[in-house]
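Note that the UniProt record's numbering has the sequence shown beginning at 1, numbered continuously upward. Glycine residues also receive a C-beta, built at the ideal position from the N, C-alpha and C atoms.
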Amino acid sequence: MGLIWVEHVTGGQGFFCNVTDIRLDNTAVEELDKLLIHTLFEAVYSESRSAPFILFMKDAEKSIVGNGDSYSTFKSRLEKLPDNVVVLGSHTHTDLRKEKSLPGGLLFTKFGSNQTALLDLAFPDSFGRLHDRGKEVQKATKLLSKLFPNKVTIHMPQDEALLVSWKQQLDRDTETLKMKGNLNYLRTVLGRCGMECEGLEALCTKDQTLTNESAEKIVGWALSHHLMQNVEADHDGRLVLSCESIKYGIEILQAIQNESKSLKKSLKRNEFEKRLLADVIPPSDIGVTFDDIGALEKVKDTLKELVMLPLQRPELFCKGQLTKPCKGILLFGPPGTGKTMLAKAVATEAGANFINISMSSITSKWFGEGEKYVKAVFSLASKIAPSVVFVDEVDSMLGRRENPGEHEAMRKMKNEFMVNWDGLRTKETERVLVLAATNRPFDLDEAVIRRLPRRLMVNLPDAQNRAKILKVILAEEDLSPDVDFDTIASMTDGYSGSDLKNLCVAAAHCPIKEILEKEKKEHAAALAEARPAPALSGSADIRPLNIEDFKYAHERVCASVSSESVNMTELAQWNELYGEGGSRRKEALSYFM
Numbered sequence: 001m002g003l004i005w006v007e008h009v010t011g012g013q014g015f016f017c018n019v020t021d022i023r024l025d026n027t028a029v030e031e032l033d034k035l036l037i038h039t040l041f042e043a044v045y046s047e048s049r050s051a052p053f054i055l056f057m058k059d060a061e062k063s064i065v066g067n068g069d070s071y072s073t074f075k076s077r078l079e080k081l082p083d084n085v086v087v088l089g090s091h092t093h094t095d096l097r098k099e100k101s102l103p104g105g106l107l108f109t110k111f112g113s114n115q116t117a118l119l120d121l122a123f124p125d126s127f128g129r130l131h132d133r134g135k136e137v138q139k140a141t142k143l144l145s146k147l148f149p150n151k152v153t154i155h156m157p158q159d160e161a162l163l164v165s166w167k168q169q170l171d172r173d174t175e176t177l178k179m180k181g182n183l184n185y186l187r188t189v190l191g192r193c194g195m196e197c198e199g200l201e202a203l204c205t206k207d208q209t210l211t212n213e214s215a216e217k218i219v220g221w222a223l224s225h226h227l228m229q230n231v232e233a234d235h236d237g238r239l240v241l242s243c244e245s246i247k248y249g250i251e252i253l254q255a256i257q258n259e260s261k262s263l264k265k266s267l268k269r270n271e272f273e274k275r276l277l278a279d280v281i282p283p284s285d286i287g288v289t290f291d292d293i294g295a296l297e298k299v300k301d302t303l304k305e306l307v308m309l310p311l312q313r314p315e316l317f318c319k320g321q322l323t324k325p326c327k328g329i330l331l332f333g334p335p336g337t338g339k340t341m342l343a344k345a346v347a348t349e350a351g352a353n354f355i356n357i358s359m360s361s362i363t364s365k366w367f368g369e370g371e372k373y374v375k376a377v378f379s380l381a382s383k384i385a386p387s388v389v390f391v392d393e394v395d396s397m398l399g400r401r402e403n404p405g406e407h408e409a410m411r412k413m414k415n416e417f418m419v420n421w422d423g424l425r426t427k428e429t430e431r432v433l434v435l436a437a438t439n440r441p442f443d444l445d446e447a448v449i450r451r452l453p454r455r456l457m458v459n460l461p462d463a464q465n466r467a468k469i470l471k472v473i474l475a476e477e478d479l480s481p482d483v484d485f486d487t488i489a490s491m492t493d494g495y496s497g498s499d500l501k502n503l504c505v506a507a508a509h510c511p512i513k514e515i516l517e518k519e520k521k522e523h524a525a526a527l528a529e530a531r532p533a534p535a536l537s538g539s540a541d542i543r544p545l546n547i548e549d550f551k552y553a554h555e556r557v558c559a560s561v562s563s564e565s566v567n568m569t570e571l572a573q574w575n576e577l578y579g580e581g582g583s584r585r586k587e588a589l590s591y592f593m
């Protein structure tokens with residue numbers, strides 16, 4: 001193994017080493033291959049002293065031809081074998097032309113003696129890679145002919161009855177090897193976790209092909225089943241699982257796979273849903289949590305109450321008619337305040353599928369297809385529930401329908417969206433939420449506002465919240481002791497969360513600029529004195545950020561939104577009329593308008 005030592009262990013012996021820095025040493029691998037060949041032939045020599053010996057090498061091209069040094073070592077040892085030793089090598093001859101023309105009838109050309117070759121018989125997807133392997137196959141055949149000059153070709157049976165029997169035997173061998181591979185995966189995971197299973201060989205796992213990941217899931221479910229059945233089990237000794245527990249884990253895996261297969265089949269029947277799958281983001285792929293968002297505590301608490309609880313605990317919202325989950329939430333406010341990040345955090349924390357809808361996802365050049373895409377959005381969301389349908393800049397999609405210049409197709413799409421969102425066929429128990437975000441809520445249609453009963457304003461942060469946002473942004477940065485978050489927050493009045501991020505990025509460039517200026521001067525001095533240029537600086541030479549860097553960045557990065565702009569005034573007025581916690585009173589028009 002090759003290691004990179006990072007730092008010395010203080011007060012002890014040795015060094016710390018990151019796991020990511022551990023890598024295989026290529027020279028050690030090559031020496032290991034030679035050692036294995038020498039050990040093999042030493043065993044052959046030892047056995048041949050007492051009686052004639054036959055050495056059979058399965059798929060010789062895979063163990064010998066790939067490495068030039070291994071090939072030379074094997075050839076030299078092969079030439080020195082005694083007369084009573086015969087070496088037989090098997091080689092799977094691939095006829096590319098025949099396999100492409102008749103992939104189903106000439107599977108015998110892929111037949112090998114290892115698990116991978118046999119399993120390829122059951123999965124014809126590998127035939128698409130035959131053309132790329134053509135040159136490698138020719139080279140391997142040429143090298144093997146030098147090692148094994150005597151060649152015997154074995155063909156498939158020509159008789160019809162023998163051919164049928166041969167194919168049946170091939171299917172049985174494939175199932176046998178599949179079972180052995182599955183059992184090996186399970187044994188490996190059990191051994192790695194310090195567990196055992198008695199009678200594992202009696203399990204029938206030929207109906208599916210396990211991977212290392214699926215084997216780990218099966219063992220995990222089997223362990224939970226074992227602990228539920230044996231509450232007083234001894235946790236200090238080596239844990240022995242029963243076959244029933246392993247069967248329990250396999251049944252759960254099969255149920256999950258069958259459910260996903262049925263979902264895929266249902267999606268294949270609807271071409272519009274299938275095309276929208278590209279806009280579906282699983283919660284594990286979003287990667288944004290509420291901890292990544294500084295401030296906005298009231299908004300986050302409200303979202304947890306309205307969104308996450310009904311999605312995570314639907315049984316609490318089944319009693320009566322008044323506790324039905326909310327169907328729509330509107331996040332509105334000035335740009336850069338974290339509305340999109342809040343939507344991503346909601347989907348991640350609630351474990352819901354995230355469907356990001358934009359005009360490009362649901363529009364089509366064909367008349368009538370736009371409405372079908374809109375309908376597919378909600379049918380797809382219902383199938384993969386719990387799900388969050390996120391519409392960013394919702395005013396561009398669901399604006400007022402009274403615009404005289406609006407196209408008829410756009411109006412039909414809006415009507416279809418609202419009918420499927422909350423209409424006659426909408427089910428109240430569906431765990432589908434429409435989460436919308438906009439900078440201009442006053443441009444929305446009244447019917448859309450009615451379907452968004454909870455409207456949360458995400459306003460510009462105050463000084464206290466700006467300090468919280470800065471702590472989140474600079475959490476992993478190297479800061480000098482003079483950096484005070486409250487000081488930076490006080491001098492960034494009117495900044496949004498996005499503006500604060502841009503400010504920190506500009507400040508982080510200051511130490512890099514200093515290094516570049518220093519290198520430029522040193523290079524010029526070395527050139528004038530006719531000496532070699534000094535070495536370039538690395539990441540370890542970058543100094544921590546100080547308060548002067550943020551003051552320098554503050555002079556160049558200003559707020560993107562003015563708190564006294566017309567848009568901010570309209571947002572405040574709309575929040576008073578329709579927003580969460582507004583006064584609901586219209587201001588009287590002033591005489592001096």
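Euclidean distance between Cα positions of residue i and residue j
{"i": "residue 480", "j": "residue 474", "result": "12 Å"}
{"i": "residue 387", "j": "residue 461", "result": "29 Å"}
{"i": "residue 580", "j": "residue 495", "result": "23 Å"}
{"i": "residue 442", "j": "residue 568", "result": "12 Å"}
{"i": "residue 87", "j": "residue 169", "result": "27 Å"}
{"i": "residue 381", "j": "residue 389", "result": "7 Å"}
{"i": "residue 33", "j": "residue 191", "result": "26 Å"}
{"i": "residue 184", "j": "residue 55", "result": "26 Å"}
{"i": "residue 535", "j": "residue 70", "result": "41 Å"}
{"i": "residue 75", "j": "residue 147", "result": "7 Å"}
{"i": "residue 577", "j": "residue 447", "result": "16 Å"}
{"i": "residue 449", "j": "residue 334", "result": "18 Å"}
{"i": "residue 491", "j": "residue 511", "result": "21 Å"}
Residue i, DSSP secondary structure in three states
{"i": "residue 209", "result": "coil"}
{"i": "residue 154", "result": "coil"}
{"i": "residue 121", "result": "With a pLDDT of 38 at residue 121, under the threshold of 50, the predicted position of this residue should be treated as unreliable, though the coordinate-derived value follows. Here residue 121 sits in helix by DSSP."}
{"i": "residue 390", "result": "strand"}
{"i": "residue 454", "result": "strand"}
{"i": "residue 561", "result": "coil"}
{"i": "residue 284", "result": "helix"}
{"i": "residue 203", "result": "coil"}
{"i": "residue 519", "result": "helix"}
{"i": "residue 86", "result": "strand"}
{"i": "residue 68", "result": "helix"}
{"i": "residue 483", "result": "coil"}
{"i": "residue 597", "result": "Residue 597 cannot be examined here, being either before or after the span of the chain that is shown, 1 to 593."}
{"i": "residue 491", "result": "coil"}
{"i": "residue 290", "result": "helix"}
{"i": "residue 342", "result": "helix"}
{"i": "residue 81", "result": "coil"}
{"i": "residue 241", "result": "strand"}
Span of the alpha helix (DSSP H), counted from its first residue to its last, around residue i
{"i": "residue 395", "result": "394 to 397"}
{"i": "residue 308", "result": "Run containing residue 308: none; DSSP gives neither H nor E here."}
{"i": "residue 417", "result": "408 to 421"}
{"i": "residue 469", "result": "463 to 473"}
{"i": "residue 378", "result": "369 to 383"}
Residues near residue i in its chain [Cβ-Cβ closer than 8 Å; skip 5 each side]
{"i": "residue 162", "result": "none"}
{"i": "residue 243", "result": "197, 198, 199, 200, 202 and 203"}
{"i": "residue 487", "result": "547"}
{"i": "residue 77", "result": "37, 38 and 41"}
Beta strand (DSSP E) segment containing residue i, residue limits
{"i": "residue 197", "result": "195 to 197"}
{"i": "residue 432", "result": "432 to 438"}
{"i": "residue 357", "result": "353 to 357"}
{"i": "residue 329", "result": "328 to 332"}
Beta-carbon proximity list for residue i, same chain, < 7 Å, skipping 5 on both sides
{"i": "residue 122", "result": "Note that residue 122 scores 41 on pLDDT, short of 50, meaning its location in the model is unreliable; the coordinates nonetheless yield the value given after this. Same-chain partners within the cutoff: 174."}
{"i": "residue 654", "result": "There is simply no residue 654 to check, as the chain begins at 1 and stops at 593 in what is shown."}
{"i": "residue 282", "result": "353"}
{"i": "residue 279", "result": "355, 356, 357 and 361"}
{"i": "residue 340", "result": "392 and 437"}
Near the ligand SAM: residue i beta-carbon under 8 Å from a heavy atom
{"i": "residue 307", "result": "This structure lacks the ligand SAM, and indeed carries no ligand of any kind."}
Chain-order list of residues whose beta-carbon lies under 6 Å from that of residue i (same chain, five-residue window excluded)
{"i": "residue 115", "result": "The predicted model places residue 115 with a pLDDT of 40, which falls under 50 and marks its position as unreliable; any figure quoted below should be read in that light. Excluding sequence neighbours, residue 115 sits near 177 and 181."}
{"i": "residue 166", "result": "157"}
Proximity test, Cβ basis, 9 Å: residue i and chain C
{"i": "residue 70", "result": "In summary, chain C is missing from the structure at hand, where a single protein chain is found."}
Is there contact between the region 512 to 531 and the region 365 to 372, where contact requires at least three CB pairs shorter than 8 Å? no
Below 8 Å, can you find three or more Cβ-Cβ pairs linking the region 411 to 419 to the region 308 to 315? no
Do three or more CB pairs link the region 327 to 345 to the region 281 to 298 at distances below 8 Å? yes
Are three or more beta carbon pairs between the region 552 to 562 and the region 504 to 519 nearer than 8 Å? yes
So, does the region 451 to 468 touch the region 399 to 416, judging by three or more C-beta pairs under 8 Å? no
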